[in-house]
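Have a look at the structure below, then the notes.
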Amino acid sequence: MGWKSIWLFIIVVILTQQGISGDEIRLDQSPAEIKRPGETVKISCKISGFTMTDYLMHWIRQKPGKALEWIGRVYTGGSSRSDYLTYADSMKNHFTMSEDVSQSTQYLEAKSLREEDTAVYYCARETQRLHLMKQLYKN
């Protein structure tokens, strides 16, 4: 496979991921908030341009000057609570993830905020559709 073929393959993959119809994939988060220690914050992530239930959705944070930290993921198609929500061990008693499928919105809530929760928080979409992942794991 020559370089031209490789670049064409990459371009096709990118177009496929974004949708050839021109649909723009968007994850619009609520505005930044300043909170005091002990308070609660609930961050929203409004999804458009794809069907939320077709993908795993993740929450990640980055503290100032530090690497990204994975908080957890939401699997809308999960058949049990343990399938539906998965938290990083260090995050599970501090954060609560939820969603409103009818509004295509994911939420991350933190109660009893601590100074060490100061970070930029991101919602992120899994790159592969769930049905493709299920096929890969089945084989």
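The sequence shown lines up with residues -22 to -1, 1 to 117 when you count with mature numbering (1 follows the signal peptide of the UniProt record, and there is no 0). In this text, a Cβ means the ideal position worked out from N, Cα and C, and glycines have one as well.
Check, Outcome
"Could you tell me if residue 58 is buried or exposed, where buried requires 16 or more neighbouring beta carbons within 10 angstroms of its beta carbon?", "Note that residue 58 has pLDDT 49, beneath the 50 cutoff, so the model's placement of it is unreliable and the number below is only indicative. Classification of residue 58: exposed, given that the 10 Å Cβ count is below 16."
"Do three or more CB pairs link the region 68 to 80 to the region 37 to 53 at distances below 8 Å?", "yes"
"Would you tell me roughly how many angstroms separate the C-alpha atoms of residue 22 and residue 66, rounded to the nearest one?", "19 Å"
"Which runs of the beta strand (DSSP E), 3 residues or longer, sit entirely within the region 8 to 36?", "19 to 26"
"If you draw a straight line from the alpha carbon of residue 97 to that of residue 48, how long is it in whole angstroms?", "12 Å"
"Assuming residue 100 and residue 38 are in contact, meaning their beta carbons sit under 8 Å apart, how far apart are those beta carbons, in whole angstroms?", "5 Å"
"If I measure Cβ to Cβ from residue 41 and keep anything under 6 Å in the same chain, skipping five residues before and after, which residues do I get?", "97"
"Once you ignore the five residues that flank residue 102 on each side, which residues in its own chain have a CB closer than 8 Å to its CB?", "5, 35, 36, 37 and 38"
"Residues in the same chain with beta-carbon distance under 7 Å from residue 64, minus the five sequence neighbours each way, listed in chain order, please.", "50 and 51"
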